[in-house]
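Visitor: Provided herewith is a single structure, encoded as structure tokens, for subsequent inquiry.
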Amino acid sequence: MQITGCGVYRFNDISVPDSIKTIKVVQLENRATYVNPQLSQLVTERLRQKIVSQTRLSQTNNDNADWIISGTITNYTFTTSGISQGQEATNRLTVTVHVVRLATKSNETKEYDVSRNFEFKSSLSIQQAESQLRDELVRGVTDDIFNRLFSDW
Numbered sequence: 001m002q003i004t005g006c007g008v009y010r011f012n013d014i015s016v017p018d019s020i021k022t023i024k025v026v027q028l029e030n031r032a033t034y035v036n037p038q039l040s041q042l043v044t045e046r047l048r049q050k051i052v053s054q055t056r057l058s059q060t061n062n063d064n065a066d067w068i069i070s071g072t073i074t075n076y077t078f079t080t081s082g083i084s085q086g087q088e089a090t091n092r093l094t095v096t097v098h099v100v101r102l103a104t105k106s107n108e109t110k111e112y113d114v115s116r117n118f119e120f121k122s123s124l125s126i127q128q129a130e131s132q133l134r135d136e137l138v139r140g141v142t143d144d145i146f147n148r149l150f151s152d153w
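Put into structure tokens, the structure is as follows:
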């Protein structure tokens, strides 16, 4: 007889060194070819709120924060994702954000690229798809950024 153990593993375990007390989140820049004018502000604000509610870090607007988070929306594209026999065609919105975390005391920089796809019916216009996907898009991209910044995996 073999006994195996199992545990609960979470992929969102927050990992922040004890020496880090303050954080500044700079407004995301939008350098994608197609610009959604609301996306930068919405993702930045949601990231700030998530950091306040899920970490012990204090937000600041000072450049002497322990960590400074900045980023750029580098990709925001629409493509046809596929047509299956007997199924409606779907389109895909792909969003990519390049994120930079600067540890000001050590001057150490870590950079991450976060990318997420969102499927929608091909019968929708771009504006309709953006409207329909807005909450899911902001939540998904923000969660991915947060997890890359604060998880050790």
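For the record, in the sequence shown the residue sitting at position 147 is 147 according to our numbering, with numbers rising by one throughout. Note that the Cβ used here is the ideal one computed from N, Cα and C, for glycine as well. Note that the structure is a prediction, hence the values are computed from the model and not measured.
(1) Count the other C-beta atoms from every protein chain shown that fall within 10 angstroms of the C-beta of N107, then say buried if there are 16 or more, exposed otherwise.
(2) What is the residue span of the alpha helix (DSSP H) that K50 lies within?
(3) Taking the beta carbon of G71 as the centre, do at least 16 other beta carbons fall within 10 Å, making it buried, or is it exposed?
(4) Am I right that T55 and V95 are in contact with their C-beta atoms under 8 Å? What's the rounded C-beta distance?
(5) When DSSP builds the beta bridges, which residues end up paired with T22?
(6) Rounded to a whole number of angstroms, what is the C-alpha to C-alpha distance between N147 and T79?
(7) By Cβ distance, which residues of its chain are closer than 7 Å to L133, with the 5 residues on each side in sequence left out?
(8) Below 6 Å CB to CB, which residues in the same chain sit around E111 once its five sequence neighbours on both sides are set aside?
Guide: Checking against the coordinates, here is how it stands:
(1) Residue burial is scored here from C-beta neighbours: N107 has fewer than 16 other C-beta atoms within 10 angstroms and is therefore classed as exposed.
(2) L39 to Q54
(3) buried
(4) Not a contact, Cβ separation roughly 24 Å.
(5) S58
(6) 26 Å
(7) L93, F118 and F120
(8) V100
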